[in-house]
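For the sequence shown, the residue numbers in my numbering are 8 to 665.
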Amino acid sequence: MLNKKHAVITIALIILFSQVARVSGISSVELVFAKVLFSEGQKTTVKYIRILDNRISFFVKSSLTEKVTIFLDPRSGLRPIAVKVNGNAVSSSSPNVRYGFYEVEINTAKLGSGTYEILFEKYDHLPIAFIIFIPENFTKIGDKEKIYMEAGEWKVYGYFIYVLTLEEGVIAINTSKPYSLLSEREVEYITPLGPSKGKELIYYVQDSSFTVEGDVVSLAYKPILVYYEDIVISNSNIVRINSVPEVNLNGTYYLVLYKPEYIEALIVSEGNLAAGFPFNLSLGEHVAYIIERVPVSIEYKIKEVEIFLESSKGALPTLNVEVESNGRILTLKDIENSIHIFPPLKFPMRISLYYNKFRIGEYLLYTIYNGLTLEVALSKVKAYITDITGKKLERGKLLLYSLSEATESEFTIQNGEADLGYLPEGEYLVRVILDGVEVSRELFNPAETNELNLVCRVSNAKIAVKDLDFNPIKNLTIILRGVSEYSATTGIDGIAYFNQIPLSAYEVYILSNDTLLHRDSIDLNTRNEFNIVLEFRSLRIKVVNIFGNPIKGAQIVLSSQDHKIERVGVTDKDGKILFDLLPLGVYEVTCRVGNYKKVSEFILSSEGSNFVTVKTDVYFTLFGIAIDAGIILVIGAIIFIILIFIKKSREKGEIEIA
């Protein structure tokens, strides 16, 4: 009943999860990476760190690291918003943190060693090419008045803020978004009381609405407007901007192109390369062209990049890969450790991995760099199977159910091991079956463990069989019937050994020459060694002559009172014979020595003696003939008659003696 219950539960689980699998399948893993440059004097180290929960972290352990610069791909849909050092937020007003266009530069030499955390905010996924408009003039605004602008088809990316303040003036920019001081200079300005000294400050504020307070003498702003709607990206690595909406302000239109390291060259049909943005706002990994409002095309020359495939659980098998971007699919076969591709201009890029025709992983990349490593959730899984004593399971099979993909596989257990091969991440149920019986089950995820240690409800069993005299009984067949059926034969020590059988209750059948002698029951859940005493005894019979000497070769017939049991044997040189496995009761012992026969009766009880001495009237045997008192009397009579006959013959002279 227990195993039927397990089977029902297993089938229910498989049906349940198979329905889930049909709906969900393998989910895509969204990957966004930040490029991080660690500068130590003339040495620069580049790392690509995956952004998780809109943040990255790294440890700076040496004061030799002068600065760290973080770059983002505008296609990622993120931009930097805050910096923390050892858990403490660094104020945007700090001169040690400078924000740029999809970039943040940190003066780690001043901030010191420790754990740095960079936080990002969600933003629109910009294309690889887009338009920035910056007005020529600042727009003046009153102190504490909200800085805000309706941009129509354009979107406000941020602002340049001009602040004229007192010489010792304090300025507060009320925003939760990052900002940086781009320039500061001392100036003189005219007041009603005459000339006065002050400071002219230029800020970059990465926000679309905020206020400025403090010792403000004069306040003005320039919006940084971005446009990316009418951008056409073809499959031939050409980007076309067909039209640029007009901004009703005097200013400059910039064609901004993201240029990561795998972009070998850019061919721009219109415009002039700009030195940069106003006020030295860092462009990060972008280049800018000053353009007119005319159609523009950009041709990209792209270098091949290598993406590595790794598993934290060991080596990977060969895989098949599909790369999909902008409606195109590239198929790569028999990939071992890395894939070589030409990155697309339009993201996201989907990379799907296949093993044995099953999709084992899907990655949605919003950034890509040469040398990126994709963690493949594929593990080579091995199961180690033992019984409850820790001994390797010698036989059986292992059933593996993928609850994510609704598949089933079967493996043979050899020397306590089963190699399950490479398995993708997901929920699995493993069952160990021994002789048709489930003896172990476990749920696991290969992403969490690639070694299964399965302890089975299996043990050796030892059954010792003795008679009422506690003598071991050999050559008995012991049959166990329960969840399965097993048999063994008792040895000379009366013990039958059963090797690795399921822990369960069993009915025990003890047979001798196909005759059922005894029926019992055992439970291996409680113990594995059993002693069974049969209601049988052995009977030893000794045959002696009239002088008490043993008679060899005497034939003994032993039969029960109901004649259901009959045993026949011959005495040995000591005049003895042994009959074993006799049920208690009354027996008739027939002893034959040649022509001599003696019948006696014996009661075999649980407490009485089991040794019988049959004393015959035989003096000795001659040529197989038993010589008893009767024979001797006959022989004596014959001799006497012969002697009388001889005597009478002499008297009559009929016999002449020479």
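From the three backbone atoms N, C-alpha and C, an ideal C-beta is built for every residue, glycine too.
Check                                                                                                                                                                         : Outcome
Between the alpha carbons of residue 380 and residue 141, how many angstroms are there, rounded?                                                                              : 38 Å
For residue 29, does the three-state DSSP call read helix, strand or coil?                                                                                                    : Note that residue 29 has pLDDT 36, beneath the 50 cutoff, so the model's placement of it is unreliable and no number is given.
How big is the Cα-Cα spacing for residue 309 and residue 391?                                                                                                                 : 49 Å
Using DSSP with H/G/I as helix, E/B as strand and the rest coil, what is residue 279?                                                                                         : strand
How about residue 490 and residue 446: do their beta carbons lie closer than 7 Å?                                                                                             : no
Kindly indicate the opening and closing residues of the beta strand (DSSP E) around residue 116.                                                                              : No beta strand (DSSP E) contains residue 116, which is instead part of the alpha helix (DSSP H) from 115-118.
Evaluate residue 341 with the Cβ neighbour count: other Cβ atoms within 10 Å of its Cβ, from every protein chain shown; 16 or more gives buried, anything less gives exposed. : exposed
Below 8 Å CB to CB, which residues in the same chain sit around residue 333 once its five sequence neighbours on both sides are set aside?                                    : 240, 242, 351, 352, 353
Thinking residue 296 and residue 278 are a contact (beta carbons under 8 Å), I'd like their distance in whole angstroms, please.                                              : 4 Å
Determine whether the beta carbon atoms of residue 549 and residue 576 lie at a separation below 7 Å.                                                                         : no
What are the boundary residues of the beta strand (DSSP E) that residue 506 is part of?                                                                                       : 502-509
Name the one or two DSSP bridge partners that residue 421 has.                                                                                                                : 424
Suppose you measure from the CA of residue 294 to the CA of residue 267; what does that come to, to the nearest Å?                                                            : 10 Å
According to DSSP, is residue 105 part of a helix, a strand, or is it coil?                                                                                                   : strand
Residues in its own chain within less than 7 Å of residue 151 by CB, not counting five upstream and five downstream?                                                          : 218, 220
Take residue 87 as the anchor and find which of 186, 136, 571 has the nearest alpha-carbon.                                                                                   : 186
By the three-class DSSP mapping on this structure, what secondary structure does residue 176 have?                                                                            : coil
Give me the Cα-Cα distance between residue 517 and residue 509, rounded to the nearest whole angstrom.                                                                        : 20 Å
For the beta strand (DSSP E) that contains residue 293, what are its first and last residues?                                                                                 : 293-298
Does the beta-carbon of residue 457 have 16 or more other beta-carbons within 10 angstroms, so that it is buried, or is it exposed?                                           : buried
My understanding is that residue 465 touches residue 394, with C-beta atoms under 8 Å, so please give their C-beta distance in whole angstroms.                               : 4 Å
Should the region 546-562 be regarded as contacting the region 591-599, the criterion being three or more beta carbon pairs within less than 8 Å?                             : yes
Leaving out five residues before and five after residue 355 in sequence, what residues of the same chain have Cβ atoms less than 7 Å from its Cβ?                             : 371, 372, 373
Based on DSSP bridge pairs, tell me the residues matched to residue 525.                                                                                                      : 517
Rounded to whole angstroms, how far is the Cβ of residue 246 from the Cβ of residue 304, which I believe are closer than 8 Å?                                                 : 7 Å
With DSSP as the reference, please indicate the residues paired to residue 633 in a beta bridge.                                                                              : 628
Would residue 313 and residue 347 be called neighbours here (beta carbons separated by less than 7 Å)?                                                                        : yes
Between the alpha carbons of residue 619 and residue 538, how many angstroms are there, rounded?                                                                              : 28 Å
Could you tell me the distance, in whole angstroms, from the CA atom of residue 49 to the CA atom of residue 319?                                                             : 34 Å
Have a look at residue 31 and residue 411 and give me their C-alpha separation to the nearest angstrom.                                                                       : Caution is warranted here: a pLDDT of 39 is assigned to residue 31, below 50, making its placement in the model unreliable, and no coordinate value can be reported.
Mind checking which residues open and close the beta strand (DSSP E) that includes residue 598?                                                                               : 592-600
By DSSP, does residue 287 sit in helix, in strand, or in coil?                                                                                                                : helix
Under 7 Å between the Cβ atoms of residue 695 and residue 79?                                                                                                                 : Residue numbering for the chain in the displayed model covers 8 to 665; residue 695 lies beyond these limits and cannot be assessed.
Indicate the three-state DSSP secondary structure (helix, strand or coil) for residue 652 in the structure shown.                                                             : helix
Does the Cβ-Cβ distance between residue 404 and residue 419 come in under 7 Å?                                                                                                : yes
Mind checking whether residue 205 and residue 174 have CB atoms under 7 Å apart?                                                                                              : yes
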